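Mapped onto this note's numbering, the consecutive letters of the sequence shown carry residue numbers 229 to 719.
Scroll down for the structure; my scribbles are underneath it.
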Amino acid sequence: MEERKGFGTNFGFLMAAVGSAVGLGNIWGFPNKMGASGGFTFLIIYLILAVLCGFIVMVGELAIGRKTGKGAVEAYHVLSKKFKWMGWMGILSAFFILFFYCALGGYCIKYVVLNVGDLFGAGFGSNALAAVADANGTSVGAEVFGAFLGNPTEAIIYGLIFVAITMIIVIGGIGGGIEKVCSVGMPALFVMLVICIIRSCTLEGASEGLKYMFVPGWALANGVIKEAPDFFSVVSTAGGQMFFSLSLGMAAMITYGSYLDKKENLQKNAIIIVMMDTLVALMAGLCVIPGRFALDPTGKLGGPSLLFVTMQNVFDRMGAAGPIFGILFYLLVVFAAVSSSISLLEAVVAHFVDKARDEGKGDKRKLYSLIGAIGAGILCVIVCLDALGNAGISPADILGMRVDPSDEVPTWSADWLDFFDCIAEGILMPLGALLMSIMYGWELGPEVVHAEATREGQKFGAYGWFRICIKYITPLAMLLVLYGQIKEFFF
Ligand code: PFF
C-alpha cells in the first residue's frame, strides 16, 4: 500500500498550522472587536480564553489526528462510539468556510492587481474612479468596491483563480505543496506585515488608532461606538473570534495533526500556534487601525468594508508610495487567505484520499482535490453573484424577509457569505469543540491525550490543567460561546 506522507519538519508543520490559523479573521475581525469591546481588557479576556479553551482544544485536536493518523472522519470513527459522526460535521464546516473564503480571497487578488495598476498609472487602477468619487462626494475606495460588486463576472473570475491556486497547492500534497508554500509564505507574510506596520504607525494621527485598539473605554468616550458592550457579550465575542481564528472545532487541525511526526511535542506546538496567531492578530491591528484613523477617519473598522473600502482609501491618500504599500498589504492578505484555504480543502480531501489509499486504489489526491475544488468553486460563484447581499438574491430576499431594501434582517440571512458563516462559525465550530471536549472529558478520558502527547517520552507539563479544563471549564466556556454566536447570527 502507498505510504501516507506527512510534514518533513516540525517547522513546516508549524508554518502550515499557523498559516491555517492566520487568515482574514485576524485582519478584519480581531482588531476591530478588540477596539470596540474594551481594548486592552478585551485582549486579557481573549488570552484567558485562549488558555482555558483554545490551547486545550488545540492539543485535543492535534492528538486525535496524530494518534489515529487519519483525516477527521476516520479519526473520530476509530476513537469514539458515540461521537463517530463528528468528523463529518468538521468536514462540512470546512467546506462551508471554503465557499466564502475563496470569494474573498479572489477580492484580495483583485486589489493586488488594482494597486499594480495604480503604481503604473494603468487603466485598471483606481485612478479612473477619482473623478467619479469627487463628483459623487464619495471616496475612491467606495467607488472601487461599488464597481467591483456591481460586476459579478470579474468577482467570479478572481474567485475561481483563488480556488485554482488552492487546488494546485493541495494537489502537491502535504510535503510537496502545503509545507513548501507555507514555509516560504508565512515568513514572507511576517516581513510584509512589519513593513506595513512601520508605515501605518508613523502616519500623522496614527496614535488615535492605537488608543482605539488598546485604551479601555476610549472607543465609547470618543463616539466610535455608541454603547459599551456588557461583560457577557465581550466574553462571547472574544470566544467566538478565538475559535474561528485558531481554526478549531472542525477538521483542519485534526487533519494537520494526523501528518505530524510521532516524536514531535504536541504541547509545545499547540502553545506556539496559539501565541503566533494572537501575535499576528495584534500586528494586523497595528497595520490597519492606525492607517484608518490617520487617513480615513470615517471608514469602517471591520469586515469586508475595512479591507476593501477603508484600506484602499488609506493607500489612495498615502501619496506616491501608496500603491507600493497597497500591493504589499493586499499580497499579505492573499497569503493569509491562501494558507487558510489550503487547510480547509485539505481537511475535506484528506478523508477521501485516505479511504482510497486504504482500499488499495492508490493515492487519488489529484482527483479528489479537483472534485473538492469544483464543489467549492460552484458555491463560491453564488457568494460572488450575491455581491455581499447587494444583488437581491440573499437568503433574506429569496425568503421574502425584506419588504423594503432598507429593512433590518437577522445576520444569517443578510447575504450568502453570512449564511455559510453562520452554519460554520456560528453553529458547527463551537458545537464541534464543545462535543470534542465532552468526548475526551467524559467518554474516553483525558488520559488518551496524555498517552498520545507523551508517547515518545515528550513532556506534557500542563496535563493537570488540561484534565480539569477539558472536563469542566472548556465545555462550559464553549456553551457560552455557542449561545453568543447563536444570538449574534439569529437575533
Ligand atoms: N483561521 C482563519 C481565520 O482566522 O481567518 C479561518 C479558518 C481557516 C477557520 C481554516 C477554519 C479553518 F480550518
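Note that the Cβ used here is the ideal one computed from N, Cα and C, for glycine as well.
Remember, it's a predicted structure, so these values are computed and weren't measured experimentally.
**Report entry** Spatial neighbours of Glu432 in its chain, beta-carbon cut-off 8 Å, leaving aside the 5 residues before and after
**Finding:** Ala522
Requested in this report: Give the straight-line distance between the Cα atoms of Phe647 and Gly685, rounded to the nearest whole angstrom.
Outcome: 45 Å
**Report entry** Check: Ala575 C-beta below 7 Å from any heavy atom of the ligand PFF
**Finding:** yes
Query - Pair within 8 Å by beta-carbon distance, Val516 and Ala370 - result: no
**Report entry** Burial state of Val422 (16 or more Cβ within 10 Å)
**Finding:** exposed
Query - Chain-order list of residues whose beta-carbon lies under 8 Å from that of Pro380 (same chain, five-residue window excluded) - result: Cys612, Leu613, Ala615, Ala619
Requested in this report: Identify every run of the alpha helix (DSSP H) within the stretch 651 to 685, keeping only runs that are complete inside it and at least 4 residues long; order them along the chain.
Outcome: 657 to 666, 675 to 681
Query raised in the report: Hey, Val287 and Phe694 are a contact pair by Cβ (cut 8 Å); roughly how many whole angstroms apart?
Result: 6 Å
Query raised in the report: With respect to the alpha helix (DSSP H) encompassing Trp313, which residues constitute its N-terminal and C-terminal limits?
Result: Premise fails: Trp313 is in no alpha helix (DSSP H) and is neither H nor E.
Query - Beta-carbon proximity of Tyr558 to Phe580, cut-off 8 Å - result: no
Requested in this report: Kindly examine the ligand PFF and report whether one of its heavy atoms sits closer than 7 Å to the Cβ of Gly530.
Outcome: no
Query raised in the report: Under the three-state reduction of DSSP, which class applies to Ser464: helix, strand or coil?
Result: helix
Query raised in the report: Whose C-beta lies closer than 7 Å to the C-beta of Phe324 among residues of the same chain, with five residues either side of it excluded?
Result: Phe648, Ile651, Ala652
**Report entry** Pair within 8 Å by beta-carbon distance, Leu656 and Ser321
**Finding:** yes
Query raised in the report: Does the separation of the CB atoms of Met420 and Gly513 fall below 8 Å?
Result: no
**Report entry** Top-ranked residue by Cα proximity to Met546, from Leu560, Phe376, Arg520
**Finding:** Arg520
Query raised in the report: Based on Cα-Cα distance, which residue from Ile426, Ala245, Phe563, Trp316 lies nearest to Tyr329?
Result: Phe563
**Report entry** Straight-line Cα distance separating Ile337 from Glu436
**Finding:** 30 Å
Query raised in the report: Can you tell me whether Pro415 is buried or exposed, with buried defined as 16 or more other CB within 10 angstroms of its CB?
Result: exposed
Requested in this report: Pull up the distance between the alpha-carbon of Gly654 and that of Tyr711, whole angstroms please.
Outcome: 9 Å
Query raised in the report: For Gly590, does the three-state DSSP call read helix, strand or coil?
Result: coil
Report task. In angstroms with no decimal places, state the Cα-to-Cα distance between Leu357 and Thr269. Result -> 41 Å
Query raised in the report: Does DSSP classify Ala691 as helix, strand or coil?
Result: Before going on, a small fix: residue 691 reads as Tyr here, not Ala. DSSP places Tyr691 in helix when its eight states are reduced to three.
Query raised in the report: Starting from Val637 and walking both ways along the alpha helix (DSSP H), at which residues does that stretch end?
Result: No alpha helix (DSSP H) holds Val637; DSSP gives it neither H nor E.
**Report entry** Environment of Ile626 [buried if 16+ CB atoms lie within 10 Å]
**Finding:** exposed
Report task. Indicate whether the contact test is met: 3 or more Cβ pairs, each with one atom in the stretch 568 to 577 and one in the stretch 241 to 252, closer than 8 Å. Result -> yes
Requested in this report: Take Ala331 and list the residues in its own chain whose beta-carbon comes closer than 6 Å to its own, dropping the five residues that flank it on each side.
Outcome: Gly387, Cys608, Val611, Cys612
**Report entry** Close-in-space but distant-in-sequence residues of the same chain around Arg683 (CB under 7 Å, 5 per side omitted)
**Finding:** Lys490
Requested in this report: Check the C-beta distance from Arg232 over to Arg585 and give it rounded, since I have them as a contact under 8 Å.
Outcome: 7 Å
Requested in this report: Whole angstroms is fine: what's the gap from Leu277's alpha carbon to Ile402's?
Outcome: 31 Å
Query - Secondary structure, alpha helix (DSSP H): runs of 4+ residues fully inside the stretch 412 to 451 - result: 434 to 442, 446 to 449
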